[in-house]
Every structure is written in structure tokens, then in C-alpha cells.
Amino acid sequence: MTHVPPVRFRTAVLLLIPLALAACSQAPSTPPVSAANGTQADMADFVYDGTDHSWEATDDGLGDLGALALTSGENKLSTLGWSKATNGYGPAERNRSNGGPSSGGGTITLNGKEYASGLGVHASSSLTFALDGKCSTFASDIGMDDEVGSRGRVVFQVYADGTKIYDSGTMTGSSSTKSVSVSVAGKKELRLVVTDGGNGLEYDHADWANARVLGCTATSTGTPAPGPAPTPVPGSGGNVSYKGPLVITKGGTYTGNYRSTDPKVPAISIKTSEPVIIENANVKGPGNLISGFRMQLTVRNTRGYGVNPNISGRPTGRFINSEDTLNLSITNNYLEGTGGIYVRNFIGKGSSGQTIKILRNSAKNIDGRLSNGSGGYQNAFRRYQFVQFNVVRNLVNAEIAWNQVINEPGKSALEENINMYQSSGTSGSRVKIHDNLIWGAYHPSPATTSGYAGGGILLGDGNGRSKSTVGGYFDVYGNTIISTSNQGIGISGGHNHKVYNNRIVSSGLLPDGRKIASQNVGIYVWDMYGSKAGGNWHNNTVFDNKIAWLKYRSNGSTFLNNTWFADCSSTCYNNTTLTRAVTPATEAAEYASWVSRARAEGQKIGVN
């Protein structure tokens, strides 16, 4: 019988914005912050100057000007981050006209023509973009937004590396739309300026409509593929001849190819507590691929493939299903379309060297989608994970490291990629989760749907009030987490969790450019399960992480929602913005960087 975590009841919490859920728990977006003039604004991007209604963008400690993460060809400036920005009345807007201090204007409209993209500003304004010599042309339509009628008076100017290369002359609400197209070839910095036309600042709502840079060269490191994919599985070409299911009743080393066609029957069943090694094997089926109780199991250089069970309401099984675990080593395997690795209860002896190691595996599409019984899937899923610890406690020398996990929208469905439910290390030997690459966690269908509660890594899941169940003693570091929707990393309960030196990035977009409605927060720390009430919330630290978690508002504008530290103050520090310009190219560059780092460290990922 496969045990799953019990249903966790959702606690009603009154906040000012809707909550998104994480691991059957709740991880809210950053609560709104009131601006100095009494209106709500994007405080992650702007600070009020305290004297009038002008605003200035902060750099979140980024320091020196950094080049944009450009894609090849055309780039809309409204999808890129500026390195510096000032605006005369409320924040500068992306894809909206100037909305004043309350933010969020209307559709950009010039002389009756509406624009889906562009920058809405108010004189006097200045927006600076770092091109690093990667683009050839800047182009835009310009004019006063129709919302001011015939009023307003401004001048549009374009600067490249400090030199003015365009001046519109005076324009009013009655002026015809002008089109700008100027060379920025070899220029490092582009600055868009709107000045007051000399009659005061009233009604100076100016639009850089469809503002874009053309002829750009991608600025990502390496040459990552447009869409991520794990390294092809060595030796997987051609047909594999499978035998029927295997039942192992004594220790030893086993190889070969085994397949089950019955969802209730594992491809390999282990019915012994003697040490078993499975290596150089292929396993396939609609149920659990390798399963057993009280196992001392090593699985290496093995490929596992999940199959649609074609029974309505049933998901495919897990790659590994280990109950009452004595010892587990899962290294250099490839798994595709499975329910991942599930470990319930640890009964081994750390003093005898028994532990859990999950190292250098390559996983593609952790898939908990429920079959519709006719070759397809329902719009529902079992809460699977790449790795799930369920009541796995007092581990010594445990490690989850250098795994590559890539989930594609529409082909996968999971909760967290790594979920630690009521699990713990020890004060003298903390569980190490490090240097993993995790890309993707999405609602099963469609992937753009809101309300999805999954993410990257979750610590402290489950009941935090009882010392017998609370989680603790985890170190999470060196991981690269990309586009995992609701959250990159979360701490929802427990004690002595340490999260540091991770890189957490999301453009808020699917590979096809659609927005992820369930996009929430890069890192959150929130005592959801009441660990404080049980005296079990302490020593949780989050520091030195680099984050760029882009979130879209309903009006199409964006902001960085990097952190939400509801229950973390002095112990959450020095978490900085990786870049303000987060695009799919940024994500691909992070993936390429991790692959290069793994190679440099001599880590061979997947089947060797």
C-alpha cells in the first residue's frame, strides 16, 4: 500500500490580497505596502520622494549598470528592466498609460490607435536601459495619450551613451503621432527622456508606444536551447526488449529490462531487507517501477519510464516507492513521465552508515496527471514530487544533490519538486539539499491556470506544533531554481532550516510567451502550521540568495516579487536581486550556467 501525506486542512487567514497555495498550504504574495502619499504602489520598484508626486526607481542594490538579458532580434522595452528610472507623477508604467500616484493607467492610445505594448510616463521622466552594444536600432511611436484630450505639452528626447540623438520638438494633445527610428549600434546605454514643454506639468501623460530595440544579439551566457531538455539518455536509441515484472526475494545485484502492464504490479518488487543493487536496467510501466518495504536499495545507471495507465482517475506510478526505509542510494539514473521518488519513514541506523542519498539523477516531466481512461488525461493530478520525504526523521549524512529536474508545461504535473513533509536531520548532521537544477512546476492543464500550489523546494511541511512531527535541520544551498510558479523555495514550519546561496529566477512566462497566472514569490518564510505555538519555530535563516521573480499585474505591468518574509526578520538578510530584466533568455542562461558548473565540478548527470 502506498502511503501519502494526510490531507492538510486550510486555515482561513485574512490578508489584503488573494492567497496562492503551496503544498496543500498557503503562500501569499507580498502584502501591499502603502506609499507615503497614502496610495498603494509598487514599492518593490519605486520610492516616493516625499515632496511632490514624483517617483524614482531603486536599483535594489544592483549597483553598476548591467546589460539587459536580450533575445535575438526584436525586444519590447516594456518586457525589459530599466537600470534607472524617474517619473514626474506616479510610477512609470509598462504597457499602460500614466496612472498617477495610484499606478495602473489605461490602454496606451495615440490619436485613436491603441497599443498593446509601450511605456507610459509623465513629464519630467527619464528611463535608462543598458544595451551593452547588442542592438542596432531603437524605434517607437510617440505622443500625448488620448486620455488628456488636447491638453499637455512635452518634448520627447532620445540619448545614446549620453549624446542626444533625437528631439521631437514640442508636442501637445493635439499633435499628430510621430515615429522614431534611430541607430543605437554599438551603444551601451539608451535613455528615453520626456521634458515639460514649458507650461507646467499638468496633463503631461506621454507615451512611448510600441517602444522596442531591433537587431539585437542575445546576451545570455553560452548558447542554451530555446526550450530546455535534459541530456539525451545514452544508449536509449533503438528498441528495448522487456521481460515481465521481476520479484526480488534475496540480496544481490540485478540488471536487465523489466516491464509491467498492470498499474497495481511494480515492474520490480523488492521483498527482502538484504542489500539489493539494481544497475544498468530499464524499467517501464503504468504503476510503481521499483517498490518495496524495509529496503536496503541501491539504484544506479537505470532508466525508468512511466506509462499512462488508461484507467480513469488513476495516475502513473513512481520511479521509486520506498516504505519503512533502511538504506537508499539513488544515483545517476534517468526518469521520465513518472511520479518521482517517494520515501516514507526511515528506520535505518545512522550509526551503521544507513542513510538516504539521491545524487546526479536526470528527471524529465514528473507526472501526476490522472488518466481519462482513453489515452489522455484529466485536468486533475496526484500530488507527486521529484523527491518526497514523508515522516523521514533523524537522518544522518543524507544528501539530495546535483540532480537535474525539468518539467514541461502540459506534459507534467506535480506539487513541489522537492518536498520535506514532517521530516528532519539531526543537530549534528543536517540534511543537505544542494546544487540541484529545478526548472518548471505548472498546473496540469492549462499551465496558465491560477490557483496552482506547487513550486521548487518546500521545508517544514506538515504539522509544526508537535515535536514528534515538526521538520528541522535542513541546509538548502547552491541550487538553481527556474520558473516554478507559486514559489521557488518556501519554509512553512519547523526549525533550524538554512537557505542560502541559491539562484531563483522566473520570467513569469511559459516558453510560448503566455503568462503564468499562479506566479507568486521567489522565497517565502511563513509559519503556516503554527510551529511558534508549539515552541518549534526558531533558527530559520535565509541569506545570500540571488532572486529575480517577475510577476504580472492584471493590467499587464510587472514587478519583482522576490521575497515574502512573514515570519522572518533579522535572520533573513542580504537576499539581493539577480537582475531586474527577467526574460526567457535569462532563464535559459541560468540553465546553461548550471550545466557548465556541473561539468567544471566533474558531476556527470544522468545515466553514464
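Here the sequence shown stands for residues -22 to -1, 1 to 586, where the numbers follow mature numbering (1 follows the signal peptide of the UniProt record, and there is no 0).
Here a beta-carbon is modelled for each residue, glycine too, at the ideal position from N, C-alpha and C.
- Within 10 angstroms of the beta-carbon of Asn586 lie fewer than 16 other beta-carbons, which makes it exposed.
- Ranked by Cα distance from Gly127, the options Val99, Leu88 and Thr106 are led by Leu88.
- Beta-bridge pairing by DSSP links Ala391 to Asp345.
- Three or more beta-carbon pairs drawn from the segment 371 to 388 and the segment 332 to 343 are found closer than 8 Å, and the two stretches are therefore classed as touching.
- When C-beta atoms of the segment 292 to 311 are compared with those of the segment 217 to 227, fewer than three pairs fall below 8 Å, so the two segments do not count as touching.
- In chain order, Gly234, Asn235, Tyr236 and Arg237 place their CB closer than 8 Å to the CB of Lys221, counting only its own chain and leaving out the 5 sequence neighbours on each side.
- Judged by DSSP in its simplified three-state form, Asp124 adopts helix.
- Of the residues assessed, Tyr551 falls on the exposed side of the cut-off, its CB having fewer than 16 other CB atoms within 10 angstroms.
- For Ser103, the uninterrupted beta strand (DSSP E) run begins and ends at Ser103 to Ala108, by DSSP.
- Look at Glu565 here: in three-state DSSP terms it is helix.
- In the DSSP annotation of this structure, the continuous segment of the beta strand (DSSP E) that includes Ile467 starts and ends at Gln465 to Ile469.
- Boundaries of the beta strand (DSSP E) harbouring His100: Gly96 to His100, taken from the DSSP string.
- Ranked by Cα distance from Gly111, the options Asn305, Thr64 and Ala163 are led by Ala163.
- Shown here for Thr462: same chain residues with a beta carbon closer than 6 Å to its own, the five before and five after excluded, namely Ala419, Gly433 and Gly434 in chain order.
- Inclusion of Arg361 and Glu393 in the CB contact set at 8 Å is warranted, their separation being smaller than that value.
- In this structure, the alpha-carbon of Thr427 lies about 9 Å from that of Lys493.
- Ranking Arg281, Pro253 and Val285 by CA distance to the CA of Thr303 puts Pro253 first.
- In the structure shown, Trp542 falls within a strand segment according to DSSP collapsed to helix, strand and coil.
- The DSSP assignment places 298 to 303, 305 to 309, 312 to 314, 319 to 324, 334 to 337, 340 to 342, 347 to 349 and 355 to 359 as complete runs of the beta strand (DSSP E) inside the segment 295 to 365, in order along the chain (cut-off: 3 residues).
- Residue state for Ala187 is assigned as strand, using DSSP reduced to three classes.
- Between Ala576 and Thr57, the alpha-carbon positions lie close to 31 Å from each other.
- Separation of Cys113 and Tyr144 (C-alpha to C-alpha, rounded to the nearest whole angstrom) is 17 Å.
- In summary, Ala94 is exposed, with fewer than 16 beta-carbon neighbours lying within 10 Å of its beta-carbon over all protein chains present.
- With fewer than 16 other beta carbons inside 10 angstroms of its own, Phe521 counts as exposed.
- The beta carbon of Ala187 sits closer than 6 Å to the beta carbons of Ile86, Leu88, Tyr93, Gly96 and Asp119 from its chain, once the five residues preceding and following it are set aside; these are given in chain order.
- Beta-carbon to beta-carbon, Trp515 and His473 are separated by about 6 Å, close enough to satisfy the 8 Å threshold.
- Classified as buried, Val277 has 16 or more neighbouring CB atoms from the shown chains inside 10 Å of its CB.
- Under DSSP, Val383 shares a beta bridge with Ala341 and Ile416.
- Residue environment: Gly442 is assigned as buried (16 or more neighbouring CB atoms within 10 Å of its CB, all protein chains considered).
- With a threshold of 16 other beta carbon atoms within 10 Å, Val477 meets it and is buried.
- For Gly282, same chain residues with a beta-carbon under 6 Å away, outside a window of 5 residues either side, are Val261, Leu267, Phe297, Leu313 and Thr316 in chain order.
- About 17 Å separates the beta carbons of Val136 and Gly175, which is beyond the 8 Å limit, so they are not a contact pair.
- Distance from the CA atom of Phe367 to the CA atom of Ser352, rounded to whole angstroms, is 32 Å.
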